[in-house]
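These notes are about the structure you will find just below.
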Amino acid sequence: MKLDYLQALKRVDDAQGAWVLHGQEPLLEQNLLDAFRKSWNSREVERQRYDISSASDWKNVFNALNSLSLFSNQLAIEAHGNIKPDASALKLLKSYLQHNESNLLLIVMPKQDSSSLKTSFFQTIDANGVNVALTANYPKDRQQILAVEAQKLGIQLANDAWQWLEQHHEHNLLAAKNSLMRVADTYPEADIIQIDHLYACLQDQSRYTTYDLNDAMLQGNLAQSIKIFQYLIASGEPMSLILWSISKEMRLLMQLFEQPQNALQLGIWKTKIGLYQQALRRLNANEFLTWPALLLRLDASIKGLGHENPEHLVQQAIASLCGRRLF
1 MKLDYLQALK RVDDAQGAWV LHGQEPLLEQ NLLDAFRKSW NSREVERQRY
51 DISSASDWKN VFNALNSLSL FSNQLAIEAH GNIKPDASAL KLLKSYLQHN
101 ESNLLLIVMP KQDSSSLKTS FFQTIDANGV NVALTANYPK DRQQILAVEA
151 QKLGIQLAND AWQWLEQHHE HNLLAAKNSL MRVADTYPEA DIIQIDHLYA
201 CLQDQSRYTT YDLNDAMLQG NLAQSIKIFQ YLIASGEPMS LILWSISKEM
251 RLLMQLFEQP QNALQLGIWK TKIGLYQQAL RRLNANEFLT WPALLLRLDA
301 SIKGLGHENP EHLVQQAIAS LCGRRLF
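This is how it looks when you write it as structure tokens:
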């Protein structure tokens with residue numbers, strides 16, 4: 001079964017079997033993950049997370065799904081990565097889908113190209129599970145998604161204000177949501193948000209975003225990258241969002257290194273291809289080998305696991321993306 005983002009949100013509480021979320025819209029991914037985790041917590045569903053770095057990791061996932069804890073009746077497993085099950089793991093997936101009636105396997109992947117969506121794995125999910133593409137390709141789709149975010153904030157926008165917001169952010173849903181939060185805080189008494197409200201609130205803002213951080217890192221500008229990071233932290237940007245942004249750039253650079261002719265298929269904007277190519281020429285490919293472990297340490301530190309300072313680890317990751325070392 002194929003669902004879009006809004007359809008998926010409505011079915012979170014009833015989800016079971018295997019779901020795949022794939023795309024490059026951080027707002028949609030984070031919202032759905034938050035909805036799932038909230039639902040699991042309210043129903044006392046046991047949750048586990050696995051990061052898939054090799055095909056053999058899938059065996060651990062299916063072993064866990066088939067060995068429920070004595071202290072829980074249901075299990076939800078998040079599997080994050082871009083490595084699909086191989087032939088042996090695909091058999092385990094099919095067996096799980098046929099015999100497991102209550103657990104949920106939630107697979108979170110980056111954007112998939114058309115050839116990937118035709119593989120046996122996705123055919124199995126389409127036939128027996130749920131396939132959710134985290135995309136918003138049309139203005140109507142983006143406005144519907146942002147209208148839900150505006151409703152959460154208790155605000156309404158005039159029709160032309162929606163058009164102005166989309167043009168201002170060039171289809172960037174996450175940045176648009178941040179702007180909705182800002183205008184809601186700035187004009188709490190406004191019945192309808194007009195273009196004048198948005199313009200006054202946003203046009204003269206020199207506020208940095210994670211996208212400014214990404215550009216600075218790709219340019220190799222360490223001083224500017226650290227400055228933007230410190231600004232984001234001071235302004236309350238969630239550390240998990242900063243991690244997502246850094247990990248996305250690392251993943252794209254590693255993929256582009258292996259597939260230099262497939263920049264557009266990997267989801268890199270045409271206007272940004274040169275920036276990524278310059279970054280690859282500047283970076284040492286051996287450094288890529290250290291990135292997965294660094295991201296895992298950073299993810300653990302943000303969740304309060306271990307004793308490392310997440311801000312220090314973020315600065316290490318930023319420096320590595322810039323082709324530099326802090327220590």
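So for the sequence shown, the UniProt record's numbering puts the first residue at 1; every next one is plus one.
Where is the CB? At the ideal position from N, CA and C, for every residue including glycine.
Residues near residue i by beta carbon distance below 6 Å, same chain, minus five either side
i: isoleucine 145; result: Ala136
i: asparagine 82; result: Met109, Pro110
i: glycine 323; result: Gly220, Arg282, Leu283
Closest residue to residue i among the options (Cα-Cα distance)
i: tryptophan 19; options: Tyr208, Asn63, Leu253, Ala79; result: Ala79
i: valine 12; options: Gly23, Arg37, Glu25; result: Arg37
i: aspartate 87; options: Ser53, Ile268, Thr124; result: Note that residue 87 corresponds to alanine in the displayed sequence, not to aspartate. Cα-wise, what sits closest to alanine 87 is Thr124.
i: lysine 94; options: Ala76, Phe122, Ser67; result: Phe122
i: tryptophan 164; options: Leu264, Asn178, Asp196, Asp141; result: Asp196
i: tyrosine 96; options: Asn31, Gly17, Glu189, Trp58; result: Gly17
i: lysine 227; options: Ala263, Val148, Glu311, Asn286; result: Glu311
i: tryptophan 58; options: Leu92, Arg325, Leu275, Leu264; result: Leu92
i: lysine 10; options: Leu27, Gly23, Ala35; result: Ala35
i: lysine 152; options: Asp141, Glu237, Cys201, Leu180; result: Leu180
i: residue 330; options: Gln24, Leu28, Gln98; result: Because the chain is modelled from 1 through 327, residue 330 falls outside the range shown and cannot be assessed.
i: glutamate 25; options: Ser67, Ser245, Lys140; result: Ser245
i: leucine 27; options: Cys201, Asn178, Gly236; result: Asn178
Residue i - DSSP class collapsed to helix/strand/coil
i: glutamate 149; result: helix
i: asparagine 131; result: strand
i: glutamine 259; result: coil
i: tyrosine 50; result: strand
i: alanine 190; result: coil
i: isoleucine 77; result: strand
i: leucine 266; result: coil
i: methionine 1; result: coil
i: isoleucine 246; result: helix
i: leucine 70; result: For leucine 70, the predicted structure reports a pLDDT of 49, less than 50, and the residue's modelled location is therefore unreliable. A value from the coordinates is still provided. In the structure shown, leucine 70 sits in coil (DSSP, three-state: anything other than H, G, I, E or B).
Cα-Cα separation between residue i and residue j, rounded to whole angstroms
i: glutamate 258; j: arginine 43; result: 43 Å
i: tyrosine 138; j: tyrosine 187; result: 28 Å
i: leucine 6; j: asparagine 63; result: 32 Å
i: tyrosine 199; j: threonine 290; result: 43 Å
i: arginine 251; j: asparagine 73; result: 36 Å
i: serine 247; j: methionine 239; result: 12 Å
i: proline 292; j: phenylalanine 229; result: 20 Å
i: asparagine 100; j: proline 85; result: 18 Å
i: histidine 168; j: leucine 253; result: 27 Å
i: isoleucine 193; j: glutamate 46; result: 42 Å
i: leucine 104; j: serine 114; result: 26 Å
i: residue 396; j: asparagine 309; result: The structure shown does not extend to residue 396, since the chain is modelled only from 1 to 327, so the question has no answer here.
i: leucine 33; j: phenylalanine 288; result: 27 Å
i: threonine 119; j: aspartate 191; result: 49 Å
i: tyrosine 208; j: glutamine 156; result: 25 Å
i: methionine 217; j: leucine 173; result: 21 Å
i: glutamine 278; j: serine 54; result: 29 Å
i: histidine 307; j: alanine 300; result: 9 Å
i: aspartate 204; j: arginine 182; result: Here aspartate 204 scores only 48 on pLDDT, less than 50, and its place in the model is too uncertain to base an answer on.
Contacting residues, own chain, Cβ-Cβ under 8 Å from residue i (five flanking each side not counted)
i: glutamine 143; result: Trp162, Glu166
i: aspartate 126; result: Met1, Lys2
i: asparagine 60; result: Tyr50
i: aspartate 215; result: Leu275
i: glutamine 48; result: Ala64, Leu75, Ala76, Ile77, Glu78
i: isoleucine 268; result: Leu252, Leu256, Tyr276
i: leucine 294; result: Leu313, Gln316, Ala317, Ser320
Contact check, residue i vs residue j, beta carbons under 9 Å
i: alanine 234; j: alanine 184; result: no
i: alanine 15; j: leucine 106; result: yes
i: isoleucine 302; j: serine 225; result: no
i: leucine 296; j: valine 314; result: no
i: glutamine 255; j: leucine 266; result: yes
i: alanine 175; j: tyrosine 211; result: yes
i: valine 148; j: alanine 8; result: no
i: glutamine 30; j: leucine 305; result: no
i: leucine 65; j: leucine 75; result: yes
i: isoleucine 273; j: alanine 285; result: no
i: glutamine 112; j: histidine 171; result: no
Same chain only: Cβ atoms within 7 Å of residue i, ignoring 5 sequence neighbours per side
i: leucine 280; result: Leu253, Leu256, Phe257
i: serine 39; result: Val12, Asp13
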